[in-house]
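Residue numbers (our numbering): 473 to 717. To start, the structure under review is shown below, and the notes come after it.
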Amino acid sequence: MILVDELDRCRPAFAVRLVERIKHFFDVPNLVFVLVMNRQQLEKAIRGVYGAETDAAAYLGKFLNLSLRLPKNRSVDVNGPVHPARSFVYATLLRYGYEDKMARYNGHLAVCAVALDLSLRDVERACALLFLSETSWDGLKVFLAALKVKHPGIFYGLRVGDAEANVACLALLGRARALVEDLQGRGWGAHYFRSLACLIDRNLPPEETEWHYTNTQFEFARHLDDRELSAVVAQQLAKLDLDVE
């Protein structure tokens, strides 16, 4: 079985080309393709490629042998251990490293997921925001404190958004990155890496950020915008901007 997820979220031309290519394998014995998608969105993509008058439903019907709509769970019994919202919240919190706060967050977030009709992506984003709201950013605070002591010019440049300071900080982060990648298997190394992730995101160009997405489990940064990341860094910079003789 080959699972193709979020086909509707691809660029329209790419999504249509992909369907056109894999259709040649649909009749291969013992090979099953499962296309997970928002069908209406994919039909819009098809019309965008072949023209507004195209019968997109009929076009897809040529390829799909069976279409199923996943039912939405309407149960409000979030206290049940097998409730889908509770199970997904648990798995998401675990992925973000909230083992020690699972009991505190799991029930609350499961209730909110049902009460506010949160999607799975909404739940992931909420977990990311919980992560950013934590007051303990040990790795980030240590890095910035050391930066202020050793390179005060770079530190102050970061505070005012100086481009040259960002470049210099990125070079120093590169050294930390090389060390931390070797430490991720250890508990404190993983925590340090997680704490630095927001500072790395703030300084790295978008095309260069994939290394810490693909090599770690910190997908949280995918769900955050630059303003949120900058707010965390700015807060820590302000806290550490003290005169220490």
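Virtual Cβ for every residue (Gly too), placed ideally from N, Cα, C.
Since V506 sits in a beta bridge, which residues does DSSP pair it with?
L475
Rounded to whole angstroms, what is the Cα-Cα separation between F535 and V583?
40 Å
If you pair each beta-carbon of the region 475-482 with each one of the region 509-523, do three or more pairs fall below 8 Å?
yes
Comparing alpha-carbon positions, which option in G625, A517, G520 and I474 lies nearest N502?
I474
Inter-stretch contact (C-beta, 8 Å, three-pair minimum) for the region 622-635 and the region 587-605
no
Using the rule of at least 16 other Cβ atoms within 10 Å of the residue's Cβ for burial, across every protein chain shown, is K495 buried or exposed?
exposed
Other residues of its chain near L581: CB distance less than 6 Å, five sequence neighbours each side excluded:
V561
Checking 8 Å against the spacing of the C-beta atoms, do V476 and V521 come in under that value?
no
Just the C-alpha distance for R597 and L588, rounded to the nearest angstrom, thanks.
14 Å
With a 10 Å radius around its C-beta and 16 neighbouring C-beta atoms as the bar for buried, classify E515 as buried or exposed.
buried
Go to F498, then tell me how far its alpha helix (DSSP H) extends in each direction, as first and last residue.
First-last for F498: undefined, no H or E at that position.
Secondary structure at S539, three-state DSSP: helix, strand or coil?
coil
Given this structure, state the Cα-to-Cα distance separating L602 from T526, to the nearest angstrom.
45 Å
Give the secondary structure of R731 by DSSP, where H, G and I count as helix, E and B as strand, and everything else as coil.
Shown here, the chain extends from 473 to 717; a query on residue 731 therefore has no answer.
Coarse secondary structure for G633, derived from DSSP in three states:
coil
Hey, quick one: how far does the alpha helix (DSSP H) through T564 stretch, first residue to last?
P556 to R567
Check whether the Cβ of R593 sits closer than 7 Å to any heavy atom of the ligand SAH, and report yes or no.
The ligand content of the structure shown is nil, which means the ligand SAH is not present either.
Can you name the start and end residues of the alpha helix (DSSP H) that K516 belongs to?
R511 to Y522
Could you give the C-beta distance for A585 and A557, rounded to a whole number, given that I count them as a contact under 8 Å?
4 Å
How is C482 classed by DSSP in three states: helix, strand or coil?
coil
According to the neighbour-count rule (16 or more other Cβ atoms, all chains shown, within 10 Å of its Cβ), is L540 buried or exposed?
exposed
What are the start and end residues of the alpha helix (DSSP H) that includes R588?
What sits at residue 588 in the sequence shown is Leu, not Arg. Here L588 belongs to no alpha helix (DSSP H), and DSSP marks it neither H nor E.
Span separating the alpha-carbon of V500 from that of L532:
19 Å
In or out: A485 buried (at least 16 other Cβ within 10 Å) or exposed?
exposed
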